[in-house]
Amino acid sequence: MKSIAPSLAILATAIFLWVAARGTRSPRETVILFSLIFGLYLLGAVWAYFRRQHGLAVFLAIVSFVAIPALVSYGYFVEMVTR
23 MKSIAPSLAI LATAIFLWVA ARGTRSPRET VILFSLIFGL YLLGAVWAYF
73 RRQHGLAVFL AIVSFVAIPA LVSYGYFVEM VTR
């Protein structure tokens with residue numbers, strides 16, 4: 023069975039870019055969408071780890087635990103400053 027981790031990462035990236043392009047209407051929607059993205063990356067990392075693709079697993083874990091929260095925090099900061 024092939025790994026689904028790259029497909030999950032591509033799906034999460036597509037959702038992230040879609041959210042970034044259109045914006046969100048409310049803080050609740052933002053939390054829901056970014057939780058979905060975080061979950062997809064994390065699921066991909068776990069799947070890759072158990073399929074012995076450790077390099078991909080580490081990359082996806084870094085993206086899910088570092089990059090996504092940092093981008094969300096930066097987005098809230100920019101929104102707060104520009105109001």
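Taking our numbering as reference, the numbering of the sequence shown is continuous, increasing by one, and the terminal residue is 105.
Where a beta carbon is used, it is the ideal one built from N, C-alpha and C, also for glycine.
Just so you know, these numbers come straight off a predicted model, no measurement behind them.
Residues in its own chain within less than 7 angstroms of residue i by CB, not counting five upstream and five downstream?
i   : result
A70 : S25, A27, L78, A79, L82
Q75 : S25, A27
Quick one, are the C-beta atoms of residue i and residue j less than 7 angstroms apart?
i   : j   : result
L62 : A34 : yes
S95 : L64 : no
F60 : I84 : no
Assign residue i to one of two classes, buried (16 or more other C-beta atoms within 10 Å of its C-beta) or exposed (fewer than that).
i   : result
I32 : exposed
A36 : exposed
A67 : buried
L30 : buried
F38 : buried
If you measure from the beta carbon of residue i to each beta carbon in chain D, is any gap under 7 angstroms?
i   : result
S57 : Absence of chain D from the displayed structure is noted, only one protein chain being present.
Output needed for residue i: all residues of its chain with C-beta closer than 6 angstroms, excluding positions within five of it in sequence on either side, in chain order.
i    : result
V125 : No answer is possible for residue 125: it lies beyond the span of the chain, which begins at 23 and ends at 105.
- request: Quick one: which unbroken alpha helix (DSSP H) runs of 4-plus residues sit fully inside the segment 54-85? Chain order, please.
  value: The qualifying runs are 76-84.
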